[in-house]
Amino acid sequence: TSGESVSIPTRDISEPIFHQGKGGERTIVHPGNDQFITGDKIKRPPPGSGSGAGDGEASDSGEGNDDFNFQISKDEYLDLLFEDLELPNLQENQLNSIVEMKTHRAGYTSSGNPGNIALVKSLKNSLARRTALTGSKKRKVKALQQQLDELTNQGEIEGQFVDELKNEIAARKERSSKVPFIDTFDLRYNNFEQYAVPNSQAVMFCLMDVSGSMDQPTKDMAKRFYILLYLFLTRTYKTIEVVYIRHHTQAKEVDEHEFFYSQETGGTIVSSALKLMDKIVNDKFPADEWNIYAAQASDGDNWADDSPLCRKILLDKIMPRVRYFSYIEITSRAHQTLWREYEKVAEKYSQFALQHIRQLEDIYPVFRELFKKQVA
Numbered sequence: 359t360s361g362e363s364v365s366i367p368t369r370d371i372s373e374p375i376f377h378q379g380k381g382g383e384r385t386i387v388h389p390g391n392d393q394f395i396t397g398d399k400i401k402r403p404p405p406g407s408g409s410g411a412g413d414g415e416a417s418d419s420g421e422g423n424d425d426f427n428f429q430i431s432k433d434e435y436l437d438l439l440f441e442d443l444e445l446p447n448l449q450e451n452q453l454n455s456i457v458e459m460k461t462h463r464a465g466y467t468s469s470g471n472p473g474n475i476a477l478v479k480s481l482k483n484s485l486a487r488r489t490a491l492t493g494s495k496k497r498k499v500k501a502l503q504q505q506l507d508e509l510t511n512q513g514e515i516e517g518q519f520v521d522e523l524k525n526e527i528a529a530r531k532e533r534s535s536k537v538p539f540i541d542t543f544d545l546r547y548n549n550f551e552q553y554a555v556p557n558s559q560a561v562m563f564c565l566m567d568v569s570g571s572m573d574q575p576t577k578d579m580a581k582r583f584y585i586l587l588y589l590f591l592t593r594t595y596k597t598i599e600v601v602y603i604r605h606h607t608q609a610k611e612v613d614e615h616e617f618f619y620s621q622e623t624g625g626t627i628v629s630s631a632l633k634l635m636d637k638i639v640n641d642k643f644p645a646d647e648w649n650i651y652a653a654q655a656s657d658g659d660n661w662a663d664d665s666p667l668c669r670k671i672l673l674d675k676i677m678p679r680v681r682y683f684s685y686i687e688i689t690s691r692a693h694q695t696l697w698r699e700y701e702k703v704a705e706k707y708s709q710f711a712l713q714h715i716r717q718l719e720d721i722y723p724v725f726r727e728l729f730k731k732q733v734a
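Letter by letter, the sequence shown follows residues 359 to 734 in my numbering.
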């Protein structure tokens, strides 16, 4: 899987320390050198020392540290993004076709992402290789050195044979020193594999308001939420049904492309989406065979007389059959009748969740709150 480099500025990972400031006067004993004599004054270092990897011009002074860089693959990023998340209340039903994918350690591999390098294992391989390549040479050098020492002890410190011994010892040591400390052959990486965990089949209903009151920024935030949801479902669960419903005054089941890209709009009757969901559940997804989920996004603007009808449909038809229903209201205004009616549903059903998104930065925290793992 392709990876991407992530750069963290040094200042973000450095820890505060107590040290002498650059200002003021202080007495320091410097080691001797061949450039200064007693009485010479050493220039104060320039105030702007370099730091980080940047695009500035070259300088002949100043020191600093490069930014900390590491590589992360798409799979690793998604694992971090959706860590400790799950579909709430997922239970085994009569049919088991959904497969949940989990990751576990699976030994080592000779290739991989630099971020997964196994340092201890790689260094052990390096030591084993260097020992195998230089062990016999070191034993031969030791034997030659002993022979040379014996001749030296006998007073023979010169002569052709002594010179030959010294040259051979030096040559063997040089060949041994050319064996690299670490080689790509030594490198080992932590290997991670995914394995399938059989689970119960599930369906997720995505209900998005596309009425005229939903301006483009609001629709974009709703789509970003659903993209997160889609990535989470496809990453965590191998097979899962997703039903897309767009609605204004009328609701329509659509495919993934039309759900995200259609420009159709109109008035607002939220109950049309709930009625269509109820019909699809009756036709295709029996509650005793399916774990049924729903995620609804709207700006909360609804025809006033329709909001009580939405509450009635939820209480009488939908909530008794779903594992979890999440309602996300995307607006910077005060809540209107739809939110207040939905609060009555939440009071009766614990598996009904309401969340409020005001700006882009709220999307991911709200998503994690809705699908965080439940403590047993």
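We put the beta carbon where it would ideally sit given N, CA and C, even for glycine. Treat the numbers as computed from the prediction; the structure is a model and nothing was measured.
Euclidean distance between Cα positions of residue i and residue j
i: L530; j: S494; result: The sequence given here places Arg at residue 530; Leu does not occur at that position. Looking at the two C-alpha atoms, the distance is approximately 10 angstroms.
i: D433; j: Y547; result: 16 angstroms
i: Q504; j: S480; result: 34 angstroms
i: L586; j: T492; result: 55 angstroms
i: I395; j: H377; result: 28 angstroms
i: F440; j: R726; result: 8 angstroms
i: K675; j: E373; result: 57 angstroms
i: K642; j: E611; result: 13 angstroms
i: F710; j: R463; result: 36 angstroms
i: F590; j: L436; result: 8 angstroms
i: F550; j: L712; result: 36 angstroms
Cβ-Cβ separation, residue j to residue i (assumed contact under 8 angstroms), whole Å
i: E583; j: A655; result: The question names Glu, yet the displayed sequence has Phe at residue 583. That pair is a contact at about 6 angstroms.
i: L509; j: I527; result: Not quite, the Cβ-Cβ distance comes to about 12 angstroms (not below 8 angstroms), so this is no contact.
i: L545; j: S468; result: 7 angstroms
i: Q552; j: T461; result: 5 angstroms
Contacts around residue i, its chain only, beta-carbon distance under 6 angstroms, and the 5 residues preceding and following it disregarded
i: I540; result: S484
i: N660; result: T626, V628 and L696
i: N474; result: Y547 and N548
i: V537; result: R488, L491 and T492
i: T607; result: G624, G625 and I627
i: R533; result: none
i: S690; result: R716
Exposed unless 16 or more other CB atoms sit within 10 angstroms - verdict on residue i
i: N511; result: exposed
i: V568; result: buried
i: K500; result: exposed
i: A692; result: exposed
i: T576; result: buried
i: E724; result: In the sequence as presented, Glu is not what sits at residue 724; that position holds Val. The residue is buried, with at least 16 neighbouring Cβ atoms inside 10 Å.
i: G658; result: buried
i: G414; result: Bear in mind that the predicted position of G414 carries a pLDDT of just 49, short of 50, making it too unreliable to give a figure here.
i: D578; result: exposed
i: I375; result: exposed
i: R669; result: buried
i: A609; result: buried
i: H358; result: In the structure as shown, the chain starts at 359 and stops at 734, and residue 358 therefore has no counterpart that could be examined.
Contacts around residue i, its chain only, beta-carbon distance under 8 angstroms, and the 5 residues preceding and following it disregarded
i: I671; result: S629, L632, K633 and D636
i: R698; result: S665
Nonlocal neighbours in the same chain, by C-beta distance under 7 angstroms from residue i, ignoring five residues either side
i: R679; result: V639, A645 and I650
i: D442; result: K730 and K731
Evaluate the contact criterion for the segment 558 to 577 versus the segment 587 to 604: three or more CB pairs, one atom per stretch, below 8 angstroms.
yes
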